[in-house]
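Novice: Have a look at this one.
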RNA sequence: GCGGGCGUCGCCAAGUGGUUAAGGCAGCGGCUUGUGGCGCCGCUAUUCGGGGGUUCGAAUCCCCUCGCUCGCCCCA
């Protein structure tokens with residue numbers, strides 16, 4: 275039989291890795307609580323239409339990256355490729371919009387059928403924030419600062435924040451017309467990828483990594499010059515407030531995000547330590563989405579952090595930490611093994627971390643394992659001790675030169691230490 | 001979807017056409033029927049991702065395929 279293995283682009287998280295994952299999840303949880311942001315959990319599976327309508331039919335995500343299938347009732351289903359559409363759907367469906375503005379966060383797996391590479395998997399995880407019902411530039415700054423501080427708190431260094439204004443729909447429409455006209459004049463000088471994009475999604479050409487196209491674009495019409503007065507003022511406000519908070523940023527006029535629903539402020543937090551997929555956090559304003567998905571006209575802003583990319587950054591700085599029990603129960607002999615089950619449980623009732631050796635191996639073997647487990651104490655139990663309801667407590671941290679401290683005591687006396 | 005690199009034990013690896021595929025780590029057993037950190041001894045790949053071919057002979061050469069990886073694309 276062929277070896278069974280995970281599907282392409284999917285990964286197992288092993289015990290040595292889940293420690294870091296839990297650490298990040300706990301920090302995020304605490305961080306959101308401090309900022310008055312509540313968690314929302316939505317299903318991984320949604321109607322395909324939610325994403326085709328929400329994200330945009332023309333985007334690559336919808337066009338060629340979704341995991342879609344017909345279920346047994348012939349419904350067209352899709353494993354969510356991102357979180358925002360689901361959250362908005364849920365907010366509308368459950369009438370949260372009529373309960374005032376919502377500050378929400380979520381975390382969990384997303385699915386995109388892409389070729390895997392560094393920082394890109396088919397199942398990946400995002401932690402995301404959505405402010406729904408908030409239209410002020412201050413809400414953008416608040417959203418950005420929550421992301422920035424979370425990453426800082428986690429100890430990520432070498433981050434760059436880039437922001438840009440995409441303006442309102444009108445601004446963008448006018449700009450698009452002008453840009454396309456200019457690009458068509460310069461069609462021959464574009465690389466072939468950009469030539470195809472010209473029809474599909476011309477704004478994305480601004481993001482091109484092709485050096486000659488990049489050079490060419492320095493002369494292209496600038497989105498900034500097409501922003502309305504209101505759009506400009508709003509963006510200026512964002513810049514001012516970020517500056518007051520001492521959050522360093524850079525305005526990148528070429529920053530255009532790939533999902534159709536973005537408007538006004540868009541931003542990305544990147545790290546040069548990540549390779550080609552350098553965005554750790556990306557987001558922006560999406561004022562039209564709630565209405566587009568059937569809700570009342572509602573402004574909103576959100577972002578998402580890529581967990582795997584964050585992990586890549588963290589495992590560079592942080593020493594690996596493994597779970598270690600406080601007590602390791604060494605036990606051998608019929609009565610001892612039975613008694614040890616009880617000792618383990620009693621210690622855990624007193625909130626102690628206990629690993630019970632289940633091997634029946636020689637004492638020396640078990641002690642060797644106790645030592646490697648990183649436990650502070652070995653608790654030795656043989657039949658002699660079991661008969662007397664006693665244990666031997668041995669300090670595993672004493673240095674090898676000195677004789678190890680060892681103490682024989684009744685189980686109840688050991689337990690008294692914790693009450 | 002398109003390019004480049006790679007694929008020998010759970011992990012790290014030597015081997016690049018010729019009798020039994022090094023070694024290290026981890027694991028297991030023992031030296032030590034009840035006392036760790038060190039040491040020593042032993043065991044652990046009929047097989048080199050899978051399939052086909054060339055050859056007297058292949059882990060080593062060729063073809064196909066699968067997977068990993070890096071980049072393009074795309075995005076978190």
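Residue numbers (our numbering): 275 to 693. Think of the CB as a built atom: it goes at the ideal place given N, C-alpha and C, for glycine as much as any other residue.
#1: Within 8 Å, do at least three Cβ pairs link the segment 397-407 to the segment 360-370?
#2: Look up residue 383 in the DSSP assignment and say whether it is helix, strand or coil.
#3: Quick check on residue 417: does DSSP put it in helix, strand or coil?
#4: When DSSP labels each residue in this structure, what does residue 526 get in the three-state scheme?
#5: Is the closest heavy atom of the ligand NAD to the C-beta of residue 302 under 7 Å?
#6: Looking at C-alpha atoms only, which residue of 298, 485 and 284 is the closest neighbour of residue 385?
#7: Going by DSSP, which residues form a beta bridge with residue 422?
#8: State the Cα-Cα distance for the pair residue 523 and residue 436, rounded to the nearest angstrom.
#9: In three-state terms, what does DSSP make of residue 304?
#10: Output the distance between the C-alpha atoms of residue 419 and residue 429, rounded to the nearest integer angstrom.
#11: I want to know whether the segment 371-390 touches the segment 542-555 - three or more CB-CB distances under 8 Å.
#12: Would you mind working out which of 640, 452 and 289 sits nearest residue 493, comparing C-alpha positions?
#13: Could you tell me whether the segment 576-587 touches the segment 598-614, where touching means 3 or more Cβ pairs closer than 8 Å?
#14: Are the CB atoms of residue 457 and residue 543 within a distance shorter than 8 Å?
#15: So residue 465 packs on residue 486, CB below 8 Å; how close in whole Å?
#16: Kindly confirm or deny that the segment 606-623 and the segment 570-586 touch, where touching means at least three C-beta pairs closer than 8 Å.
#17: Hey, quick one: how far does the alpha helix (DSSP H) through residue 468 stretch, first residue to last?
#18: Can you list, in chain order, the stretches of the beta strand (DSSP E) that have 3 or more residues and sit fully within the segment 598-683?
#19: Let's test the definition: count the other Cβ atoms within 10 Å of the Cβ of residue 352 and tell me whether it reaches 16, buried, or not, exposed.
#20: Who pairs with residue 540 in a beta bridge, going by DSSP?
#21: Which of the three DSSP states, helix, strand or coil, is assigned to residue 575?
#22: Is the beta carbon of residue 560 less than 8 Å from the beta carbon of residue 580?
#23: Among residues of its own chain, excluding the 5 on either side of residue 519, which ones have a beta-carbon nearer than 8 Å to its beta-carbon?
#24: Pull up the distance between the alpha-carbon of residue 308 and that of residue 417, whole angstroms please.
#25: Between 315, 345, 302 and 314, which lies nearest to residue 322 when the distance is taken from Cα to Cα?
#26: So if DSSP puts residue 402 in a beta bridge, which residue, or which two residues, is it bridged to?
#27: Grouping DSSP H, G and I as helix and E and B as strand, with all else coil, what is residue 350?
Specialist: Concretely, from the data shown:
#1: Taking one beta carbon from each stretch, the segment 360-370 and the segment 397-407 have 3 or more pairs nearer than 8 Å; the two touch.
#2: Here residue 383 sits in strand by DSSP.
#3: Looking at residue 417 - three-state DSSP - the assignment turns out to be helix.
#4: Under the three-state reduction of DSSP output, residue 526 falls in the coil class, being neither helix nor strand.
#5: Ligands in the displayed structure: none, and consequently the ligand NAD is not present.
#6: Comparing Cα positions, the closest option is 284.
#7: In DSSP, residue 422 forms no bridge with anything.
#8: For residue 523 and residue 436, the distance between alpha carbons rounds to 6 Å.
#9: DSSP places residue 304 in helix when its eight states are reduced to three.
#10: Looking at the two C-alpha atoms, the distance is approximately 15 Å.
#11: No, the segment 371-390 is not in contact with the segment 542-555.
#12: It is 452 whose Cα lies nearest to the Cα of residue 493.
#13: The segment 576-587 is not in contact with the segment 598-614.
#14: Not closer than 8 Å, so no.
#15: Their Cβ separation, rounded to whole angstroms, is 7 Å, which keeps residue 465 and residue 486 in contact under 8 Å.
#16: Here the segment 606-623 makes no contact with the segment 570-586; the two share fewer than three CB pairs at distances below 8 Å.
#17: If you look at residue 468, you'll find it in the alpha helix (DSSP H) that goes 466-474.
#18: For the segment 598-683, whole beta strand (DSSP E) runs of length 3 or above, ordered along the chain, are 601-605, 628-630, 651-655 and 664-669.
#19: Its Cβ being crowded by 16 or more others within 10 Å, residue 352 is buried.
#20: In the DSSP output, where bridge partners are listed per residue, residue 540 has 438 and 558.
#21: The three-state reading of DSSP puts residue 575 in strand, counting E and B together.
#22: Their beta carbons are not under 8 Å apart, which means residue 560 does not touch residue 580 by this criterion.
#23: In chain order, 415 and 419 place their CB closer than 8 Å to the CB of residue 519, counting only its own chain and leaving out the 5 sequence neighbours on each side.
#24: Taking the straight line from one Cα to the other gives about 13 Å.
#25: Minimum Cα distance to residue 322 is reached at 345.
#26: In the DSSP output, where bridge partners are listed per residue, residue 402 has 380 and 578.
#27: Reduced to three states, the DSSP call for residue 350 is strand.
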